[in-house]
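Colleague: Numbered as in the working numbering, the sequence shown ends at 1169 without a single skipped number.
In this text, a Cβ means the ideal position worked out from N, Cα and C, and glycines have one as well.
Since we're looking at a predicted model, the values are computed, not measured.
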Amino acid sequence: MQTVQDAPSLRAAVRGWRSQGQTVALVPTMGNLHAGHYSLLKLARARADRVVASVFVNPTQFGPNEDFERYPRTLAQDQAGLAEHGCDLLFAPEVATMYPFGAEHSASIHVPGITDTLEGAHRPGHFDGVATVVCKLFNLVQPDLAVFGQKDFQQLKVIERMVRDLALPVKVMGAPTLRADDGLALSSRNQYLSDAERALAPLIRQTLQQMRELLGKGHARRIIEEAAQSKLERAGFVPDYAAIRRAEDLAEPAEGEREGLVALIAARLGTTRLIDNLPFD
Ligand code: PAF
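(1) Pull up the distance between the alpha-carbon of G990 and that of V939, whole angstroms please.
(2) Using DSSP's beta-bridge definition, name the partner residues of K1059.
(3) Thinking C-beta only, is G919 closer than 8 Å to L963?
(4) Please classify A901: is it buried, with 16 or more other beta-carbons within 10 angstroms of its beta-carbon, or exposed?
(5) Would the beta-carbon of F1036 be found less than 7 Å away from any heavy atom of the ligand PAF?
(6) If you scan the segment 1087-1143 from start to end, which runs of the beta strand (DSSP E) of 3 or more residues do you find wholly inside it?
(7) Does the pairing of the segment 1009-1019 with the segment 893-913 give three or more beta-carbon distances under 8 Å?
(8) Would you grab the beta carbon distance between A980 and T917 for me? Rounded to a whole angstrom, and I think it's under 8 Å.
(9) If you follow the beta strand (DSSP E) that R1156 is in, where does it begin and where does it stop?
(10) Any chance the CB of P916 is under 7 Å from a heavy atom of the ligand PAF?
(11) Pull up the distance between the alpha-carbon of L1072 and that of A1089, whole angstroms please.
(12) Thinking C-alpha only, which one of K1045, N1165 and E992 is nearest N946?
(13) Do C975 and L929 have their CB atoms nearer than 8 Å?
(14) Closer than 7 Å to a non-hydrogen atom of the ligand PAF - does that hold for the CB of D955?
(15) Can you give me the C-alpha to C-alpha distance between V1058 and R903, rounded to a whole angstrom?
(16) Return helix, strand or coil for R883, following the three-state DSSP convention.
(17) To the nearest angstrom, how far is it from the Cα of L1066 to the Cα of L931?
If you want it as structure tokens, here you go:
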């Protein structure tokens, strides 16, 4: 596996593959890779001749009081893991490569509407940072397809919408969430949890399942959302939201709407913010 940090080397490698008629998949990541990321790579491998992974802790998607500084950076370990999992090329740029005029003076992409709610409401500017960096990565790599985890459900929807709206020639694929045996969704942020917090964390998944069950039994959506939030609070979480939304656009479903829904939770446990979701179909 080749590792490159600059755009000309990346473009040269991709051009070489293209000249042989090979297809290219991109798996964008922020590094500190785990089995969840490697499952994205596996999907990419199955769908394209060549796989590029990017590792870049993107400053513009972190708010001022978020974990940009402490986000785990484990490039040597990631390199070894990617090579082992069949990645052809790792793109690990510096901030100056991704933001030649500085992160604060970058052109920015705003995907309206779908970014106003849930994560967007609690992390202002987050999705502008995500959309901008993903668009830059698409322009640099020019992949045929790109794979994102369904764990970041809203992120996936924002990227799908950006691609459609800006007519970007990339097929976006979502990959199922990988979970620990007790149901906790795999995330690089899980390592921030103390042992006691880690023991509590699977309650998020259990709450999502309960939300699905209660909706299936005909309970009103708002009552289910309130009950889920209270349950998390009683267990020691500080929830940002526990919501049932339309999977397509994350809008609030109409009364009695039951098809194409998803439950989503974001909650803090100590200093760690966890997110998870459960599509109902
Ligand atoms: O999901 C992530 O790891 C990041 O948000 C992404 C898509 C790599 C953009 O920085």
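Modeller: Looking at the coordinates:
(1) Answer to the nearest angstrom: the Cα atoms are 28 Å apart.
(2) According to DSSP, K1059 bridges with L1033.
(3) Their beta carbons are under 8 Å apart, which means L963 touches G919 by this criterion.
(4) By the neighbour-count criterion, in which a residue is buried when 16 or more other Cβ atoms sit within 10 angstroms of its Cβ, A901 is buried.
(5) Yes, the ligand PAF has a heavy atom inside 7 Å of this Cβ.
(6) Entirely contained in the segment 1087-1143, the beta strand (DSSP E) runs reaching 3 residues are, in chain order, 1126-1134.
(7) No, because fewer than three Cβ pairs between the segment 1009-1019 and the segment 893-913 fall closer than 8 Å, the two stretches do not touch.
(8) About 10 Å separates the two Cβ atoms, so there is no contact after all.
(9) Element bounds for R1156: L1149 to L1157.
(10) At least one heavy atom of the ligand PAF falls within 7 Å of the beta-carbon of P916.
(11) Looking at the two C-alpha atoms, the distance is approximately 6 Å.
(12) The closest CA to that of N946, considering only K1045, N1165 and E992, is found on E992.
(13) Yes, these two residues count as a Cβ contact at 8 Å.
(14) No, the ligand PAF has no heavy atom inside 7 Å of this Cβ.
(15) C-alpha separation (whole angstroms): 16 Å.
(16) Outside the displayed range of the chain (889 to 1169) lies residue 883, so it cannot be described from this structure.
(17) Cα to Cα, the separation comes out at about 13 Å.
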